[in-house]
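Q:
There are 2 protein chains.
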Amino acid sequence: MSVQKPSIPKGTRDFGPVQVARRNYIFGVIRRVFEKFGFAPLETPTMENLSVLTGKYGDEGDQLLFKILNSGDFAKDVTAEDLTAGAKKILPKVAEKGLRYDLTVPFARYVVMNRGQLTLPFKRYQIQPVWRADRPQRGRYREFVQCDADVVGTTSLLCEAEIVLMIDEVLSTLGLTDFTIKINHRGVLSGIYQALGGVGRESDLFVAIDKLDKIGREGVTKELLERGFPQEAVDQVFGYLEVGGSFDAKLAALRTAFKQDGVLTDAAAGPAKGLQDLAEVQQYLQDFGFEHFERLDFDVTLARGLSYYTGCIFEVKVNNVQMGSISGGGRYDNLTGAFGLPGLSGVGFSFGVDRIYDVLEELQLFPEGAVAAPLCLVANFDAEGRGTALPLLRQLRAAGLSAELYPEVSKLKKQFEYADKRGIRFMLLAGSEERAGGVVKLRDMRAGSEQTVPATEVVATLQALA
Amino acid sequence: MSVQKPSIPKGTRDFGPVQVARRNYIFGVIRRVFEKFGFAPLETPTMENLSVLTGKYGDEGDQLLFKILNSGDFAKDVTAEDLTAGAKKILPKVAEKGLRYDLTVPFARYVVMNRGQLTLPFKRYQIQPVWRADRPQRGRYREFVQCDADVVGTTSLLCEAEIVLMIDEVLSTLGLTDFTIKINHRGVLSGIYQALGGVGRESDLFVAIDKLDKIGREGVTKELLERGFPQEAVDQVFGYLEVGGSFDAKLAALRTAFKQDGVLTDAAAGPAKGLQDLAEVQQYLQDFGFEHFERLDFDVTLARGLSYYTGCIFEVKVNNVQMGSISGGGRYDNLTGAFGLPGLSGVGFSFGVDRIYDVLEELQLFPEGAVAAPLCLVANFDAEGRGTALPLLRQLRAAGLSAELYPEVSKLKKQFEYADKRGIRFMLLAGSEERAGGVVKLRDMRAGSEQTVPATEVVATLQALA
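Line by line, the protein sequences give chains E and B. If you read the first sequence in the working numbering, its first letter stands for residue 1, the second for the next number, and so on. If you read the second sequence in the working numbering, its first letter stands for residue 1001, the second for the next number, and so on.
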């Protein structure tokens, strides 16, 4: 075996103790809120058949799928002609499986495969990594964790209201206060493009609208004109996008504008349904006693790219940190259609844990307890000392406290350094002098202070300090 | 998009709510014990460079690695001649990465890459899935989770003693009582093969010895004779393997036998070191006040296949269930040598969660709380009822209870069925009659009983019942 300098694949990361502990803290908060709201966990395999994944994320998505080489003699069916034809021709012969690209398609696959056993509505959450062969850059990784919650099998807008409550509770629990939960509705967006005669060019319009934050009215105007929208239509768009005031005021203003533009043609669909749904979600939140309406923003410019959304859409921004959206989602009416189960409505959303991590770090919101160091290190003096140290250690652990013995009889300085570097809060010293007196010295590494405690009271003392 | 009948890759599994909850219960117990003993979490990427993985698991292991196809035009360097030469020639041109095969090699890679920053001894635990392209069969999957804990950077045998304590605590906490922690030492095994002149043929001997449980003395004799060991040597082996009595008695008998056979040549290594280490581990366990020595078995026939072990080795069997070992490990002296960092001693062990899951299921040891259903379902009557139901729901959740509202106004029968199928324990009913009286009906779905509770006391009542 030759000696090599090891490395990890680009766009991937090792997570050391502090990072894992902090990530688990975030996952724990999300998981508890999901479960409190009645969502049950699901986990799907890392590998999916390419037949399940391909064609679900657009051409670009297909490119970004990580594919698994078939086992054994993978190239046996590849011909020299295939080589000339290129990768596209060869791929189906050498790879049948790929890595999970998101949690939504595996969820849809699971629902279809288990439709006979599932109780609808089915509320599931899923916290698992996904993989994308994207070009790595700051904040964008090839392996990252998504935290999704979805309800399928009901069109009830109570689900949308509960999504707002869950987002608010997760972020509040993590210590965030200055964030905005943006909500919009595909029906409202459809009203806008119907109003300006843009039907069939929705994506042109959405792409431009989505940039309003970044390039401003002038930039969006320029882009829309370049894309061939007439000046009049552009003015009309801004009439819609710049609707202001409270949630209710916006709803009323849009209703008036849609009426004027003659697009409230079908009361049960499109723009009319959009306004009605949003009003209903707001009503539920009021009934729930939601206290943070100032965090909820009906944002007509919110478009979200994913074409499968059909109803309400969500996106969450932290206001006091420069960062993209940390959560998003929406309602979809036909997610399982591709797998032969049409007409199953659902709504879901996702937290982006990597971004939340960065936000909490920047705002210094990680609690101290989120560091995975044991509470206490017992100093290792000698064979005789171990007669006291080992039973003590066992008592501490029996009381649920995390503790370890320095494994070797080393100089105390070295043992102190170890405790210090690992972030261990307390050191327990039972040298010959202490043992003779039936006491233990307890050093608070952070405060730099020491106290002497009867050996019989160490557990209680540390429990009180933990 | 054509409609397709979706499936998952063979050897992989979806985990529904009950399974995830039960698996998380096991992971939680293991994690808490690891942390109580001072181990800190590490997570490494799913993908590793093939240069890191290849050559670490033997030829068979290399075959069983899942390889990731390079992104983009993966076949651009493959020639027609390569096709003729076959998969082995093509592989390095089309794949640079593979899926994690175990947690030990990535750990060694991490230690080497971070040697400058790590505080030694370094105690890490890691709970992550691994992938092997093995032929799937009952109890053997292509994706499964390993739970490893290792200490590197110390030769202290306190670590071995603590491994015994951790295994005992994890399994006891999970409710198991009838299990055996087998311990042996590579030095003892080396003494045996030195004694019978088998040096250089250790693996022949180990493979045969490992089968003693299954094929008995007769079978092992036959196999050893077939492999060319003389009858005399075979008799001698059984003299060693059938050493009986207490831990101490076995140590004494082996010492005598080794002396007679003249293999105690180096007091600091080999068989002498093996006996000494085992005695020291036993002493530490006594100092710790370990109460379950009846579960610890010094088993001279324990060999364990992995060639990197150099000191103590462990394996755990549940006695009252037909099942392979559920945990195992040992000390290794040169795990990081392949990555250019020789001479770093470590010791570690691993729990096999899939097997533990099956054992707990067979013995019906999963606690009820390990089912991820919300505590209570609030019935959905009508718009008016929601004025009561939604604030109630919010109070329950604010108190930390998991609860949900049935999302649609459906017949009560359907709502009851939903609660029943999901395993929801309580149903809360606040119909017009109850609302008029300021009360709520609370139905215990399991007991089939109902009680009427003042609306103001529902939270406290449920908290007491939860």
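Glycine included, C-beta positions come from ideal geometry on N, C-alpha and C.
1) Looking at E/Y125 and E/A149, is the spacing between their C-beta atoms short of 9 Å?
2) Are E/G72 and B/A1303 closer than 9 Å when you measure CB to CB?
3) Anything in chain B within Cβ reach of E/L158, meaning under 7 Å, just list it in chain order.
4) How would you write the range of the alpha helix (DSSP H) that B/G1139 sits in, first residue to last?
5) What do you reckon, are the CB atoms on B/I1183 and B/V1164 nearer than 9 Å?
6) So, helix, strand or coil for B/A1379, using DSSP?
7) For the alpha helix (DSSP H) containing E/L465, list its first residue and its last residue.
8) Report yes or no: is there a C-beta of chain B within less than 9 Å of the C-beta of E/F229?
9) Interface residues of chain E around B/P1271 at Cβ under 7 Å?
10) Using a Cβ distance threshold of 8 Å, determine whether the stretch 1056–1074 of chain B contacts the stretch 77–84 of chain E, with at least three qualifying pairs required.
11) Does the beta carbon of B/D1287 sit closer than 9 Å to a beta carbon anywhere in chain E?
12) Taking Cβ-Cβ distances shorter than 8 Å, what residues in chain B pair up with E/R13?
13) Determine the direct distance from the alpha carbon of E/G324 to that of E/P367, and round the result to whole angstroms.
14) Rounded to whole angstroms, what's the CA-CA distance from B/T1180 to E/R355? Just pull it up for me.
15) Compare the C-beta of E/R386 against all C-beta atoms of chain B and say whether one is closer than 9 Å.
16) Start and end of the beta strand (DSSP E) containing E/Q126?
17) I need the DSSP call for B/G1289, collapsed to helix, strand or coil.
18) On the DSSP letters alone, give me the boundaries of the alpha helix (DSSP H) that B/F1351 sits inside.
19) Along the beta strand (DSSP E) that carries B/E1048, what are the first and last residues, could you check?
20) Please state the DSSP three-state secondary structure of B/I1326.
21) Do the stretch 309–316 of chain E and the stretch 329–345 of chain E make contact, defined as three or more Cβ pairs closer than 8 Å?
22) Quick one: is E/D62 near chain B, going by C-beta distance under 9 Å?
23) Helix, strand or coil: how does DSSP classify B/Q1231 here?
24) Using a Cβ-Cβ cut-off of 9 Å, state whether E/G197 counts as contacting chain B.
25) Taking CB distances under 9 Å as the criterion, tell me whether B/R1397 reaches chain E.
26) Looking at C-beta atoms only, is the number of pairs between the stretch 376–392 of chain E and the stretch 1283–1302 of chain B that lie closer than 8 Å three or more?
27) Roughly how far, in whole angstroms, is the beta-carbon of B/E1043 from the beta-carbon of E/F15, given that I think they are within contact range, below 8 Å?
28) Which partner residues of E/I68 appear in the DSSP bridge assignment?
29) Going straight from the alpha carbon of E/P9 to that of B/S1402, what length do you get?
30) Flag E/L462 as yes if its beta-carbon sits less than 9 Å from any beta-carbon of chain B, otherwise no.
31) Report the three-state DSSP secondary structure of E/M1 (helix, strand or coil).
32) In chain B, which residues lie less than 8 Å from E/A129 when you measure between Cβ atoms?
33) Starting from E/N49, find everything on chain B with Cβ-Cβ shorter than 8 Å and list it in chain order.
34) At a CB distance below 9 Å, what residues from the stretch 426–459 of chain E approach chain B? Give them in sequence order.
35) Would DSSP call B/G1311 helix, strand or coil?
36) List the residues that DSSP assigns as beta-bridge partners of E/A403.
A: The relevant details are as follows:
1) yes
2) no
3) Those within 7 Å of E/L158 in chain B are L1405 and P1407.
4) Segment: none, B/G1139 is in no alpha helix (DSSP H) and carries neither H nor E.
5) yes
6) coil
7) V458 to L465
8) no
9) Simply none; closest approach about 24 Å.
10) no
11) yes
12) P1045
13) Here the C-alpha atom of E/P367 lies approximately 23 Å from the C-alpha atom of E/G324.
14) 46 Å
15) yes
16) F122 to W131
17) coil
18) In the DSSP annotation of this structure, B/F1351 is not part of any alpha helix (DSSP H); the continuous beta strand (DSSP E) holding it starts and ends at G1346 to G1352.
19) M1047 to N1049
20) coil
21) yes
22) False, the Cβ-Cβ gap to chain B never drops below 9 Å.
23) helix
24) E/G197 does not count as touching chain B.
25) yes
26) yes
27) 4 Å
28) E/K97 and B/I1068
29) Each residue's Cα considered, the two are about 41 Å apart.
30) The Cβ of E/L462 sits no closer than 9 Å to any Cβ of chain B.
31) The predicted model places E/M1 with a pLDDT of 46, which falls under 50 and marks its position as unreliable; any figure quoted below should be read in that light. It is coil, neither helix nor strand.
32) Correcting the residue identity first, residue 129 of chain E is Pro in this sequence and not Ala. Within 8 Å Cβ-Cβ: T1046.
33) Correct list: P1006, S1007, I1008 and P1009.
34) none
35) Note: B/G1311 maps to strand in three-state DSSP.
36) E/C376
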